[in-house]
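Peer 1: Take this structure first; my questions come after.
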């Protein structure tokens, strides 16, 4: 069964802290994504990776970076957390780059920055 | 910037009623997906439509992709409490695998 797991369901951090959100998929998918989800705004793409060590900025990359050292793992890093980064963060993976391929999502990490 | 406008954002109806959710854009998408998300979980794919004018049915759910591939609709017939959840449309940009999501429609079906 397809599975995307995220390291934490809930996280509380202080302003200025460095935050790591981890995502692991067990489907040998090439592509991995990080989104944030806010009420009334839907899901917005932060970063996208189509291969190990390859990454591409999404629509809202400011304040975030990513790391993909292994195919199954994609990390989102908040270098210096700010209160406006309080949100639900969703990781997803897909098999191929294009053609309407399904994205499989993890359960999300609800991050609160105080 | 491509945008996908989804409406309505909230819908509260009685069991047995019909409803339609719309997604509209001025941009053309190579495909359009509909996801459903339940509290505490990530979105799960319901359907992908690829061809302009395409209609797909999933039990009581009917999905349509506009002829120009700029808009889509989801119609639910005889809604049931189990249909309660957040429905999200997502358009694929230029065959890149990257999706733009609508704002979402929160559906509540009361028994």
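Chains as they are written, first to last, in our numbering: chain A, 465 to 578; chain B, 4 to 114. All C-beta atoms in this analysis are idealised placements derived from N, C-alpha and C, irrespective of residue type, glycine included.
1. For residue 526(A), return the contacting residues in chain B, with the cut-off set at a CB-CB distance below 8 Å.
2. Give a yes or no on contact between the stretch 96-106 of chain B and the stretch 51-68 of chain B, applying the rule of three or more CB pairs nearer than 8 Å.
3. Residues of the stretch 547-560 of chain A in Cβ contact with chain B at a cutoff of 9 Å, in chain order, please.
4. Within this structure, are the beta carbons of residue 32(B) and residue 94(B) separated by less than 7 Å?
5. Which residues does DSSP pair with residue 576(A) in a beta bridge?
6. Our contact map puts residue 508(A) next to residue 523(A) with C-beta atoms below 8 Å; I'd like the distance itself, whole angstroms only.
7. Leaving out five residues before and five after residue 482(A) in sequence, what residues of the same chain have Cβ atoms less than 8 Å from its Cβ?
8. Opposite residue 33(B) in the DSSP bridges: which residues?
9. Since residue 82(B) and residue 19(B) are thought to touch, with beta carbons under 8 Å apart, how far apart are those beta carbons, to the nearest angstrom?
10. How far does the beta strand (DSSP E) with residue 71(B) in it extend, from its first residue to its last?
11. Three or more C-beta pairs closer than 8 Å, one from the stretch 547-557 of chain A and one from the stretch 483-502 of chain A: is that the case here?
12. Between residue 49(B) and chain A, is there a C-beta pair that is closer than 7 Å?
13. Mapping DSSP to helix, strand and coil, what is residue 506(A)?
14. Assuming residue 520(A) is part of the beta strand (DSSP E), what are its boundary residues?
15. Who are residue 22(B)'s beta bridge partners in DSSP?
16. Taking 7 Å as the CB-CB limit, is residue 106(B) close to chain A?
17. Based on Cα-Cα distance, which residue from 575(A), 494(A), 472(A) lies nearest to residue 534(A)?
18. Where does residue 86(B) sit, in a helix, a strand or coil, going by DSSP?
19. Starting from residue 17(B) and walking both ways along the beta strand (DSSP E), at which residues does that stretch end?
20. What does residue 509(A) reach in chain B if we use C-beta pairs closer than 9 Å?
21. Which same chain residues end up closer than 8 Å to residue 73(B) when comparing Cβ atoms and leaving out the 5 residues on each side of it in sequence?
22. Am I right that residue 47(B) and residue 66(B) are in contact with their C-beta atoms under 8 Å? What's the rounded C-beta distance?
23. Looking at residue 17(B) and the ligand GTP, is the gap between the Cβ and the nearest heavy atom below 6 Å?
Peer 2: So, from the listed chains and residues:
1. By one-based count along the first chain, residue 526(A) stands at place 62. Going along chain B, no residue has its Cβ under 8 Å from residue 526(A), so there is no contact; the nearest lies around 15 Å.
2. no
3. 554, 555, 556, 558, 560
4. Indexing the second chain from 1 puts residue 32(B) at position 29. Indexing the second chain from 1 puts residue 94(B) at position 91. Yes, the Cβ-Cβ distance between residue 32(B) and residue 94(B) is below 7 Å.
5. Sequence index remark: in the first chain, residue 576(A) carries index 112 (1-based). DSSP lists 476(A) as partners of residue 576(A).
6. Counting from one through the first chain, the residue named residue 508(A) turns up at place 44. Counting from one through the first chain, the residue named residue 523(A) turns up at place 59. Residue 508(A) to residue 523(A), Cβ: 5 Å. Contact.
7. Reading the first chain from its first residue, position 18 is the one you call residue 482(A). For residue 482(A), where only same-chain residues beyond five positions count, the Cβ hits under 8 Å are 541, 542, 543, 544, 545.
8. As a working mapping, residue 33(B) is identified with position 30 in the second chain. Paired residue(s): none; residue 33(B) is not in a bridge.
9. In the second chain, the residue the question calls residue 82(B) occupies position 79. In the second chain, the residue the question calls residue 19(B) occupies position 16. Yes, residue 82(B) and residue 19(B) are in contact; Cβ-Cβ is about 7 Å, under 8 Å.
10. Within the second chain, numbered from 1, the residue matching residue 71(B) stands at position 68. Run containing residue 71(B): none; DSSP gives neither H nor E here.
11. yes
12. Counting from 1 along the second chain, the entry for residue 49(B) is found at position 46. So, not an interface residue.
13. Sequence index remark: in the first chain, residue 506(A) carries index 42 (1-based). Correct three-state label for residue 506(A): strand.
14. Counted from its first residue, the first chain places residue 520(A) at position 56. Here the beta strand (DSSP E) through residue 520(A) covers 518-521.
15. Mapped onto the second chain, residue 22(B) falls at position 19. 79(B), per the DSSP bridge assignment.
16. To locate residue 106(B), count along the second chain from 1; it is residue 103. It does; some Cβ of chain A falls within 7 Å.
17. Against the first chain, residue 534(A) aligns to sequence position 70. Checking every option, the nearest Cα to that of residue 534(A) belongs to 494(A).
18. Taking the first residue of the second chain as 1, we reach residue 86(B) at position 83. Helix at residue 86(B).
19. Position 14 of the second chain holds residue 17(B). Residue 17(B) -> beta strand (DSSP E) spans 13-17.
20. As a position in the first chain, residue 509(A) is number 45, starting the count at 1. Near residue 509(A) (Cβ distances below 9 Å), the residues of chain B are 101, 102, 103, 104.
21. One-based indexing of the second chain puts residue 73(B) at position 70. Cβ neighbours of residue 73(B) beyond the five flanking positions: 27, 28, 29, 30, 31, 32.
22. Sequence index remark: in the second chain, residue 47(B) carries index 44 (1-based). Sequence index remark: in the second chain, residue 66(B) carries index 63 (1-based). The pair is not a contact, with the Cβ atoms about 15 Å apart (cut-off 8 Å).
23. In the structure shown, the ligand GTP is absent, as is every other ligand, since no ligand is present at all.
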